[in-house]
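Numbering (UniProt numbering), first residue to last: 1 to 198.
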């Protein structure tokens, strides 16, 4: 791949033509590299660096605009793995996921620079590449026990088949993973509305 890239540079002498062709090649290879990050070919490595730099510049510019518009917005990243970060962020951006759940302990100890999660607060949702995907506004907070979760709220979580059983299995797995599960544990279900896709 790198031989082909350097050949393009030699054939097209004008700066604009070289730039357009290289950008197209770099972006194509960068997307491929991002999806298959285990591959370590030299040409892909070079192009992915350039692609990530482009994305970081776009992300920084976008964050600057968003921070002016939503000056007090916090940051959210859903899930416990890069795959989940991306899938859940996309569900939020598509308006399918309109709720999320945390343990009351996690909610109560959530004293970061974002402060407490409260109705009316805005949050910027990020994917696994730390790129902003959308902005949401918290609309409702529900304090309940794990065993009291409803079909309606499980549906609003938007995950899997959206059933209560799916919600129970996945959230039990998650809470056990972080060492914080028992059937009568207190949870906070946070409802939100997607207000801007980025």
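Every residue gets a Cβ at the ideal spot worked out from N, C-alpha and C, and that includes glycine.
Cβ-Cβ distances below 6 Å link residue 156 to 98, 99 in the same chain, with the five nearest sequence neighbours on each side left out; the list follows chain order. Sequence-distant partners of residue 121 (beyond 5 residues in either direction) whose C-beta falls short of 6 Å from its own C-beta, in its chain, are 138.
Per DSSP, reduced to three states, the secondary structure at residue 189 is strand. Close CB contacts of residue 106 within its chain, under the 7 Å cut and outside five residues either way in sequence, are absent. In this structure, residue 88 lies away from residue 95, with their beta-carbon atoms at least 8 Å apart. In terms of CA proximity to residue 130, 81 leads the group 81, 140, 68, 149. Under DSSP, residue 132 shares a beta bridge with 126. With respect to the C-alpha of residue 124, the residue from 147, 70, 168, 190 having the closest C-alpha is 70. Leaving aside the five residues that flank residue 142 on each side, the residues in its chain whose CB is nearer than 6 Å to its CB run, in chain order, 189. Put simply, of 198, 170, 62, 183 the residue whose alpha carbon is nearest the alpha carbon of residue 84 is 170. Under the criterion of beta carbons closer than 8 Å, residue 194 and residue 73 do not qualify as touching, at roughly 13 Å. DSSP places residue 83 in the helix class (H, G or I) of the three-state scheme.
The straight-line gap separating the alpha-carbon atoms of residue 185 and residue 164 is approximately 17 Å. The shortest C-alpha to C-alpha distance from residue 67 to any of 134, 149, 77 is the one to 134. When DSSP reads this structure, residue 169 sits in no beta bridge, so it has no partner.
Secondary structure of residue 194 (DSSP, three-state): strand.
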